[in-house]
Amino acid sequence: MLINQTLEKLKELKLFGMAEELERQLPNPSARNLSFEDRIGGLVDYETTYRSNKRLTALLRNAKLKHTSACVEDIDYAQPRNLDKPLMLSLSNGDWVRQNINVIFAGPTGTGKSWLSCALGNQVCRQGMSVYFVRLPLLLDDLFAARATGTFVKRLNQLAKYDLLIIDDWGLAPVPDQSQGDLMELVDSRVGSRSTIITSQIPLELWHDYIGNKTIADAILDRLVHSSQYVKLRGETMRGKTVKEKKSAQK
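Counting with the UniProt record's numbering, you get residues 1 to 251 for the letters of the sequence shown.
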């Protein structure tokens with residue numbers, strides 16, 4: 001009866017990990033041979049792991065990554081696409097996010113820009129930071145709708161709080177005149193305080209013409225490119241390759 005009461009109290013205190021581990025220990029004879037310090041230490045360790053896993057699950061769910069299984073451990077460096085391995089390994093530690101540095105992936109379709117951005121996004125989530133993935137056309141529609149409903153500032157503040165914002169398909173379609181200012185507001189709300197990944201088929205030197213309005217283009221590029229790691233990919237499309245082929249190419 002005492003154990004049942006203890007389990008209920010642990011759950012009332014939202015110590016679900018400790019309750020789960022205690023229930024696991026109860027029928028285990030070897031657990032009875034552990035010292036009090038070892039048993040309580042095991043309960044605390046399990047609670048810590050339980051909370052960490054729960055937070056990671058929530059971060060990944062909220063990130064809405066396009067490639068949910070992408071991870072830095074599976075990056076293919078064998079393909080000739082100008083991907084710098086030391087740079088990617090340095091990005092894997094997440095310090096660039098803590099230092100509010102941006103990353104730009106540019107290159108032809110199918111060279112893995114979105115996948116690589118999701119792999120880094122996954123890694124950032126694993127380090128306990130928040131991520132949000134969105135295609136630029138949908139992002140602009142979202143901001144335009146927010147203006148129409150009077151919730152633009154609220155939505156802008158929400159987007160500004162993500163440790164890492166991944167903007168996919170930059171340059172896939174022209175930026176509407178009414179959205180250029182919104183894009184500028186978003187970039188300005190994150191500069192110097194948060195990190196952004198941008199993927200684009202358009203090389204960086206053509207971004208100015210893509211944005212259109214000279215004044216806004218100057219302001220956006222100054223804020224985005226000023227503190228960015230630029231990864232210019234090249235080569236043939238990687239789409240359609242099987243997992244087996246990719247692993248074989250890495251050997």
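The beta carbon of each residue, even a glycine, is placed where N, CA and C say it ideally should be.
On the criterion of 16 or more Cβ atoms from any shown chain inside 10 Å, does residue i qualify as buried, or is it exposed?
i           : result
Asp163      : buried
Ile40       : exposed
Tyr46       : buried
Val187      : buried
Glu37       : exposed
Asp222      : exposed
Gln180      : buried
residue 259 : The chain is shown only over 1 to 251; residue 259 falls outside these bounds and no answer can be derived.
Glu21       : buried
Asp168      : buried
Arg32       : exposed
Val153      : exposed
What would DSSP say about residue i, mapped onto helix, strand or coil?
i      : result
Asp84  : coil
Lys14  : coil
Tyr77  : coil
Lys66  : coil
Ser228 : strand
Pro29  : helix
Leu59  : helix
Ser90  : helix
Lys246 : The pLDDT assigned to Lys246 is 48, lower than 50, so where the model puts this residue is not dependable, and the model offers no usable value.
Ser52  : helix
Arg24  : helix
Gly42  : helix
Thr6   : helix
Glu236 : coil
Could you tell me whether the Cβ atoms of residue i and residue j are closer together than 7 Å?
i      : j      : result
Val131 : Gly121 : yes
Thr196 : Arg190 : yes
Asn102 : Ser228 : yes
Gln123 : Ser90  : no
Trp87  : Phe105 : Per the sequence shown, residue 87 should be read as Leu rather than Trp. Not closer than 7 Å, so no.
Trp81  : Gly235 : The sequence shown places Arg at residue 81, not Trp. A contact, by the Cβ cut-off of 7 Å.
Ala217 : His208 : yes
Round the Cβ separation of residue i and residue j to the nearest angstrom and send it over; I've been treating them as touching at under 8 Å.
i      : j      : result
Arg55  : Gly128 : 7 Å
Ala146 : Ala70  : No, Ala146 and Ala70 are not in contact; Cβ-Cβ is about 29 Å, not under 8 Å.
Trp170 : Leu136 : 5 Å
Val175 : Leu165 : Actually they do not touch by this definition, with Cβ atoms about 17 Å apart.
Lys85  : Tyr77  : 5 Å
Ala19  : Leu34  : Their Cβ separation, rounded to whole angstroms, is 18 Å, which puts Ala19 and Leu34 out of contact at 8 Å.
Confirm the yes/no value for this check: CB of residue i, any heavy atom of the ligand GDP, distance under 6 Å.
i     : result
Gly42 : This structure does not include the ligand GDP; it has no bound ligands of any sort.
Subject >> Segments assigned alpha helix (DSSP H), at least 4 residues, entirely inside the UniProt domain "AAA+ ATPase" (99-221) >> reply: 113-126, 136-148, 152-161, 177-190 and 207-211
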